[in-house]
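Student:
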Amino acid sequence: MASVEKIIEKMRRQPRGISYDEAVKVLNHYGYELKRKSATSHRVYGNKDGDVFVLKDKSPLKISYITEILDRLVGE
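Going by our numbering, the sequence shown opens with residue 451, and the numbers climb by one from there.
#1: At least one CB of chain B closer than 9 angstroms to the CB of Ile-458: is that the case?
#2: Hey, is the region 468 to 476 in contact with the region 502 to 512, meaning 3+ C-beta pairs nearer than 8 angstroms?
#3: Cα-Cα, which of Ala-452, Gly-500, Gly-525, Asp-499 is closest to Val-474?
#4: Taking only the alpha-carbon atoms, compute the straight-line gap between Tyr-495 and Ile-457 and give it to the nearest angstrom.
#5: When the Cα of Thr-490 is compared with those of Lys-506, Met-461, Arg-463, which residue comes out closest?
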């Protein structure tokens with residue numbers, strides 16, 4: 451499986467081709483855990499500071515999810 455650094459680089463180069471599992475791997479690396487999984491397709495990931503991300507459990511993810519991850523976690 452690809453390293454987190456390689457996934458982040460892929461997010462920068464090709465944001466349309468990022469899978470749900472790749473995004474979750476990046477979130478886990480930054481301390482986010484699955485907080486809520488309901489009957490819908492949306493998953494809530496949060497960290498100890500109360501910061502949350504909502505992702506749709508569908509691959510590939512929309513660009514808006516990827517740009518939010520890059521902006522908030524990587525500082526792009």
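Positions of the beta carbon are idealized from the N, C-alpha and C atoms, including for glycine.
Since the structure is predicted, the reported quantities are computational estimates derived from the model, not experimental observations.
Tutor: The structure says:
#1: Here chain B cannot be found, since the structure has a single protein chain.
#2: Yes: the two stretches touch, three or more of their Cβ pairs being nearer than 8 angstroms.
#3: Locating residue 474 in the sequence shown gives position 24, counting from the first residue. Taking each of Ala-452, Gly-500, Gly-525, Asp-499 in turn and checking the Cα distance to Val-474, the smallest one comes out for Ala-452.
#4: To locate residue 495, count along the sequence shown from 1; it is residue 45. To locate residue 457, count along the sequence shown from 1; it is residue 7. The straight-line gap from Cα to Cα measures roughly 18 angstroms.
#5: Along the sequence shown, one-based indexing puts residue 490 at 40. Nearest of Lys-506, Met-461, Arg-463 to Thr-490, Cα basis: Lys-506.
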